[in-house]
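Numbering (my numbering), first residue to last: 44 to 175.
Written out below as structure tokens is the structure these notes cover.
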Amino acid sequence: MPGIWIELSDRVVASDGVADARSQCSFCRRGVAVLERLIAAADVSICSACVRKCARGLRRHNVLGWRPWWRFWKDGEPSKTRTGLGYRDPHLACSFCKRSLVDVPALLGAGRITSCSACVRLCVEILREESR
Numbered sequence: 044m045p046g047i048w049i050e051l052s053d054r055v056v057a058s059d060g061v062a063d064a065r066s067q068c069s070f071c072r073r074g075v076a077v078l079e080r081l082i083a084a085a086d087v088s089i090c091s092a093c094v095r096k097c098a099r100g101l102r103r104h105n106v107l108g109w110r111p112w113w114r115f116w117k118d119g120e121p122s123k124t125r126t127g128l129g130y131r132d133p134h135l136a137c138s139f140c141k142r143s144l145v146d147v148p149a150l151l152g153a154g155r156i157t158s159c160s161a162c163v164r165l166c167v168e169i170l171r172e173e174s175r
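Structure follows, in structure tokens:
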């Protein structure tokens, strides 16, 4: 079963072209000078504020691995996040790990820049480690 698409509607979507991943967040397009933290991969980056926004979206949509313990459903009961979102494109892929929507529980983003739930989890862990 393919994953779900979660639209980050309040993201500032850039026009064509990708700026240097180490100079600004690929999601919100804010420059490195005003960012708290920036996690950069080869051709994409995400700031700590966007990581938190993605994590909130995953929890709000009850994505597997992000559900609070009190929101687990019985086996066989459909998740509300699997219906009604309307946008499932198996060709969409995570901008970080390149896994497609059919390989991950959820993709978040808008336009061309996306992050899968596993990469958001990794970014949350990186930020948690840095704050210690």
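Each residue gets a CB set at the ideal place from its N, CA and C atoms; glycine is no exception.
Burial of A149 is indicated by the presence of at least 16 other C-beta atoms within 10 angstroms of its C-beta. Per DSSP, the unbroken beta strand (DSSP E) holding A83 starts and ends at 81-83. The DSSP assignment places 149-153, 156-159 as complete runs of the beta strand (DSSP E) inside the segment 138-162, in order along the chain (cut-off: 3 residues). In the three-state DSSP reduction, C90 falls in the strand class (E or B). Counting along the chain, W109 sits inside no beta strand (DSSP E), nor does DSSP assign it H or E at all. When C-beta atoms of the segment 64-74 are compared with those of the segment 162-175, fewer than three pairs fall below 8 Å, so the two segments do not count as touching.
Between the alpha carbons of C140 and A161 lies a gap of roughly 9 Å. The beta-carbon separation of V94 and L170, rounded to 6 Å, stays under the 8 Å limit for a contact.
The beta-carbon distance between C97 and S174, rounded to whole angstroms, is 17 Å. This is too long to meet the 8 Å contact definition. In the structure shown, A64 adopts coil according to DSSP, grouped into three states.
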